[in-house]
Structure formats: C-alpha cells, structure tokens
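So the structure is just underneath, and the comments pick up after that.
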Amino acid sequence: MTSGVVASAIVPHTPRMGVEESAPDFVRPLIQGQRDLGEELRALKPDVIVLQSSHWVSTFNWYVTVNKIHEGVCIADEAPDLIPGSPYKYDGDPEFGQAVVDALKGAGLAVGLMDSPHFKWDYASYVPLHYLDPEATIPVVLLPSVICSDLNENIRVGGLVHEAAVKEGKKVVYLGSCALAHKVVRGPHLWPSQEHMDTDKKLISMFCDGEIDALIDWLPAYAHDVVTEMGGRPLAGMLGATAAMAGDTGRVRGKQWGPYGQSSGSGNASICVLPAD
Numbered sequence: 028m029t030s031g032v033v034a035s036a037i038v039p040h041t042p043r044m045g046v047e048e049s050a051p052d053f054v055r056p057l058i059q060g061q062r063d064l065g066e067e068l069r070a071l072k073p074d075v076i077v078l079q080s081s082h083w084v085s086t087f088n089w090y091v092t093v094n095k096i097h098e099g100v101c102i103a104d105e106a107p108d109l110i111p112g113s114p115y116k117y118d119g120d121p122e123f124g125q126a127v128v129d130a131l132k133g134a135g136l137a138v139g140l141m142d143s144p145h146f147k148w149d150y151a152s153y154v155p156l157h158y159l160d161p162e163a164t165i166p167v168v169l170l171p172s173v174i175c176s177d178l179n180e181n182i183r184v185g186g187l188v189h190e191a192a193v194k195e196g197k198k199v200v201y202l203g204s205c206a207l208a209h210k211v212v213r214g215p216h217l218w219p220s221q222e223h224m225d226t227d228k229k230l231i232s233m234f235c236d237g238e239i240d241a242l243i244d245w246l247p248a249y250a251h252d253v254v255t256e257m258g259g260r261p262l263a264g265m266l267g268a269t270a271a272m273a274g275d276t277g278r279v280r281g282k283q284w285g286p287y288g289q290s291s292g293s294g295n296a297s298i299c300v301l302p303a304d
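Heads up: the sequence shown begins at 28 in the numbering used here, then just goes up one per residue.
Shown next, in the form of structure tokens:
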C-alpha cells in the first residue's frame, strides 16, 4: 500500500516492562516480542505511528496531538516505583494530526487539538514506543481513550484515521496500547483466570486468521467477559483501522510477536495485522 493504514497492532504496556534493567523475568519475553515487532513495523517505512492509549483518558472529546515534538519525562503515576522517570523525545506530525481532527470533525464527532507544550506522555504511550522504535525514527500522533465513546465510535475513529491517511498520502501504523483480559489483582506474577486466558487465546487465533469482521461482531461480548482494558476502546480503534485496511487490500493476516504473558491478573500479547501476501 502506498497510503492508508499499512499495519495495525495491539501492544501491551504493563509498567513492569517500562525499565528493562529492573523488569522481572516474566515480562522480559514480552519486551523481546515488542522489539521484534518493531523491526517488522519499521521495515514498512511508515510515515507516522498513531497510538491510541489506555492511559490518556478523555471524558468527552477526542483530542489529537498536533505537537511538532514530543519531549518530556514519563512517570507512571500509579506505579512510580516501576517507572520513576524515563525521558523520551519523538517527532510529532502536526499536519497529519490536523488531518485526523478534520476527519473526525467531518464525521460529527466531538474532537479537539492537543497542542500544549506541557503535554506529557502516559506510560501506555511511552512503554510500547520505547521498544517498537527505540531510536525515535517515526513521527507519532496520539489519541486518547474517550469515556463517553462507545465501541462503535472507536471503530469509526480507527476507520477515519485510515481515510485521513489515504487522503494525505501517508503510510500509517495504528497501535492500540492495551492489555487483553484485565481483571487485575494484587500480585504481579498472577495470571488471568483459565476462562479469561482461553478467551484471550481465541481472540489471538482470530486475529492470526484475519477474521476481522467476526472480531468486530464479537467485541462487545469479549470486552465484557474478560473485563478488557478501558472497556475495549483501544482494541476497537485498532479493529476499525484494521477493517478499513482490509477493505482496501482484501485479506489480512495476523501474527503474535512473543508470548502471551501475565501481569497482575492481566493478559498481554503483541499482535500485528498486515495485508495478506
């Protein structure tokens, strides 16, 4: 593809992944899987990464970053012992951010600009980008999880990002930064219940088989059954972008990078979808 969403992915961000030197052994394979996925994504030579974060939370509006530079120090507010302060510096893409704003506004959605120089990344933005693109070679546009949006609206937003990319002639990677099952408990080493793990593995299998329409149909029940992160909103955005990509390219294929791993009762995996060969 010469423009549009050229790949989409679900990427984990457990704060125990945040500082590799102190990461527990059970999340290190997740880190390596994310590094390997990053090589695949960078090889596509995308013009911009659009990441929808579980931890940048907006109550009402879709805010889109139009910052020229993303620079700051990421602190995990809920776990400062795990990510006490990690510096980052990535280019933004103000023109494409504005194109996304225009697309959402044209669709009648509540949308605004995030152009504050004081904006700082949450750890669901920082952690995956730190491993996927450690040299900060690809510009970044961020989207929040919007509390007043339902799953269908998130699916629409993912599709609108694809439409904006086609219109602007941009190759885009769309990332949903979220866990899968997310009924969290105290105890970092603990796994989800067997039922939730089995349900997550069904989801991963459907991604790998390219069953995007079936995943969209199943999403409300899946999100409810496994208590998925942010009600499934970043997952829905990613599915919307994937469906739009599939609509332009035909069949898609998925691949899991690294293992399925646990963190405090959550299930985590890096899953990427590309046009089928």
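We put the CB at the ideal spot given by N, CA and C, even for glycine.
Query raised in the report: Does DSSP classify V54 as helix, strand or coil?
Result: helix
Query - DSSP three-state assignment for K228, whether helix, strand or coil - result: helix
Requested in this report: Determine which residues share a DSSP beta bridge with V254 and list them.
Outcome: V254 is not bridged to any residue.
Query raised in the report: Roughly how many angstroms lie between the CA atoms of T92 and V184, to the nearest whole one?
Result: 15 Å
Query raised in the report: If we ignore side chains and look at the alpha-carbon of each, how far apart do V211 and A126 end up?
Result: 37 Å
Report task. Specify the secondary structure class of M44 as computed by DSSP and reduced to three states. Result -> helix
Query - Outcome for G277 when other beta-carbon atoms lying within 10 angstroms are tallied against a minimum of 16 - result: exposed
Query raised in the report: Which of the three DSSP states, helix, strand or coil, is assigned to L217?
Result: coil
Query raised in the report: Given A273, which residues of its chain have a CB within under 6 Å of its CB, disregarding the five upstream and five downstream residues?
Result: I239, V279
**Report entry** Endpoints, beta strand (DSSP E) assigned at V173
**Finding:** 167-173
Requested in this report: Answer with buried or exposed for P166, where buried requires no fewer than 16 other C-beta atoms within 10 angstroms of its C-beta.
Outcome: buried
Report task. Pull up the distance between the alpha-carbon of L242 and that of H251, whole angstroms please. Result -> 14 Å
Query raised in the report: How would you write the range of the beta strand (DSSP E) that A296 sits in, first residue to last?
Result: 293-302
Query raised in the report: When you compare only the Cα positions, how much space is there between Q221 and A130?
Result: 41 Å
Requested in this report: Determine contact between the stretch 105-118 and the stretch 290-298, defined as no fewer than three beta-carbon pairs at a distance below 8 Å.
Outcome: no
Report task. Output the boundary residues of the alpha helix (DSSP H) element that contains K197. Result -> First-last for K197: undefined, no H or E at that position.
Query - Selection from P144, D63, T164 that minimises the alpha carbon distance to K72 - result: T164
Query raised in the report: Below 8 Å between beta carbons: does that hold for A191 and S81?
Result: no
**Report entry** Per-residue burial, S172 [other beta carbons within 10 Å of its own, 16 or more giving buried]
**Finding:** buried
Report task. Throw me the rounded Cβ distance for the V100 and A268 pair, which I believe falls under 8 Å. Result -> Not quite, the Cβ-Cβ distance comes to about 29 Å (not below 8 Å), so this is no contact.
Query raised in the report: Which full runs of the beta strand (DSSP E) of 3+ residues lie inside the stretch 113-193, going along the chain?
Result: 113-118, 138-141, 167-173
Query raised in the report: Over what stretch of residues does the alpha helix (DSSP H) that includes T276 continue unbroken?
Result: 260-276
Report task. Go ahead and pull the three-state DSSP assignment for A241. Result -> helix
Requested in this report: Run the CB neighbour count on R26, radius 10 Å, all protein chains shown included, and call it buried at 16 or more, exposed below.
Outcome: Not covered by the structure: residue 26. The range shown for the chain is 28 to 304.
Query - Distance between beta carbons of I58 and A50, contact taken as under 8 Å - result: 6 Å
Report task. Let me know if I182 comes out buried or exposed under the rule of 16 or more other beta-carbons within 10 Å of its beta-carbon. Result -> buried
Query raised in the report: Below 8 Å between beta carbons: does that hold for Y201 and S30?
Result: no
Requested in this report: Give a yes or no on whether the C-beta atoms belonging to V168 and V77 are separated by under 8 Å.
Outcome: yes
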